[in-house]
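J.: Quick one: the structure is below, questions incoming.
In structure tokens form, the structure reads like this:
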């Protein structure tokens, strides 16, 4: 007789009692608390609301809306036009600058000759001693900075607190921006545009082109612009054959080329010429500007 099989307790077990559902109170406890908007979000919403109110205010006044769009279009034309002009001058010689025109106008009604001495030469056709001389005298940090020498600016601010005659701290890039694109004079608008054009030429032109333009447009004597014109007029030979001392003397008159003379230098210019030549040697010679 076969023994009786054991009962399958798993199959015959009563169904498990379902767990009670969570009450509303427990559900509310598990829900995350709503976060308050952060200060940044609140400020951004406030700015958006103010901008919408401003736009609505302008739209409700046709004349004001017309002026608004004229200003916007003028700004865009000037912005893209200036960028296009900067791009063009990266490849085209700079024959005329506002400074040249201003100096030419100043000769009207005076005994000074109105003839402008100017000859454009490419960077490769100019003695590297001339390029090194202007860097050594005007802007020794030129190969490394991005248009502005902030250390020199801070030093000039400190010195000008005690100096009777303020000392400038403009880099070669800033001087090119002023001479090529802007009018003569002093104003906050002009200074702001100088910063804008300096940043543009640093970004678009590069160091070699900036130095090339500077060597061709800088005033280096009475109605004399560019190192080629100065070399031909005062030394009788092209800028490609300038010696170190000749280049240093040209650079020595750059702070005030209408007062200081290359052909008959004063004791101050002779002393400054020796200082610049010494700085050119300390910088390591022409290799200092080889990789512009």
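In full-length UniProt numbering, the protein residues as written are 1 to 292. Positions of the beta carbon are idealized from the N, C-alpha and C atoms, including for glycine.
Mind the definition here: the segment 213–226 touches the segment 116–126 only if three or more C-beta pairs lie below 8 Å; say whether that holds.
T.: yes
J.: In whole angstroms, what separates the C-alpha of residue 288 from that of residue 152?
T.: 20 Å
J.: Over the uninterrupted alpha helix (DSSP H) stretch that includes residue 280, give me the two end residues.
T.: 267–282
J.: Do the segment 169–188 and the segment 145–159 meet, that is, are 3 or more Cβ pairs less than 8 Å apart?
T.: yes
J.: So, is residue 90 buried or exposed, given that buried needs 16 or more other C-beta atoms within 10 angstroms?
T.: Looking at its Cβ environment, which holds fewer than 16 other Cβ atoms inside 10 Å, residue 90 is exposed.
J.: Ends of the alpha helix (DSSP H) at residue 81?
T.: 62–89
J.: Is it buried or exposed, residue 224, if we count other Cβ atoms within 10 angstroms and call 16 or more buried?
T.: buried
J.: Check the DSSP bridge columns for residue 118 and list the partner residues they point to.
T.: 225, per the DSSP bridge assignment.
J.: Three or more C-beta pairs under 8 Å: does that hold for the segment 91–101 against the segment 250–268?
T.: Contact between the segment 91–101 and the segment 250–268 is absent, because fewer than three Cβ pairs lie under 8 Å.
J.: Could you tell me which residues DSSP puts in a beta bridge with residue 219?
T.: 225
J.: Answer yes if the segment 228–239 comes into contact with the segment 102–120, meaning at least three C-beta pairs across the two stretches below 8 Å, and no otherwise.
T.: yes
J.: State the Cα-Cα distance for the pair residue 179 and residue 219, rounded to the nearest angstrom.
T.: Spanning the two alpha carbons is a distance of roughly 9 Å.
J.: Report all residues from its chain with a CB closer than 7 Å to the CB of residue 25; omit the five preceding and five following residues, and keep chain order.
T.: Low confidence applies here, because residue 25 scores a pLDDT of 48, under 50, leaving its location unreliable; read the following figure in that light. No residues qualify anywhere along the chain.
J.: Tell me whether residue 336 sits in a helix, a strand or coil according to DSSP, three-state version.
T.: Here the chain covers residues 1 to 292 and nothing more, so residue 336 does not appear.
J.: Which ranges would you report for the alpha helix (DSSP H) in the segment 164–215 if only whole runs of at least 4 residues count?
T.: 172–181, 188–204
J.: Entirely within the segment 126–167 and at least 4 residues each: give me those alpha helix (DSSP H) ranges in chain order.
T.: 128–138, 150–160
J.: What does the Cβ neighbour count give for residue 139, buried or exposed, with the cut at 16 atoms within 10 Å?
T.: buried
J.: Can you check whether the CB of residue 177 is closer than 7 Å to the CB of residue 194?
T.: Yes. Within cutoff.
J.: How should residue 60 be labelled, buried or exposed, when 16 other C-beta atoms within 10 angstroms of its C-beta is the threshold for buried?
T.: Residue 60 sits exposed, since fewer than 16 C-beta atoms from the chains shown fall within 10 Å of its C-beta.
J.: Quick one, which of 62, 58, 143, 109 has its alpha-carbon nearest residue 283's?
T.: 143
J.: Classify residue 192 as buried or exposed, calling it buried when 16 or more other Cβ atoms lie within 10 Å of its own Cβ.
T.: exposed
J.: Are there any heavy atoms of the ligand ADP lying less than 6 Å away from the beta-carbon of residue 274, as far as the coordinates show?
T.: As presented, the structure is devoid of all ligands, the ligand ADP included, so that no description of it is given.
J.: Report the rounded CA-to-CA distance for residue 77 versus residue 86, giving the unit in angstroms.
T.: 14 Å
J.: Less than 7 Å between the C-beta atoms of residue 239 and residue 103, yes or no?
T.: No, Cβ-Cβ distance for residue 239 and residue 103 is not below 7 Å.
J.: Residue 238 by DSSP, collapsed to three states: which one?
T.: The answer is coil: DSSP assigns residue 238 none of H, G, I, E or B.
J.: In whole angstroms, what is the alpha-carbon distance linking residue 262 and residue 156?
T.: 27 Å
J.: Between residue 188 and chain B, is there a C-beta pair that is closer than 7 Å?
T.: Protein chain content of the structure displayed is limited to a single chain, and chain B is not contained in it.
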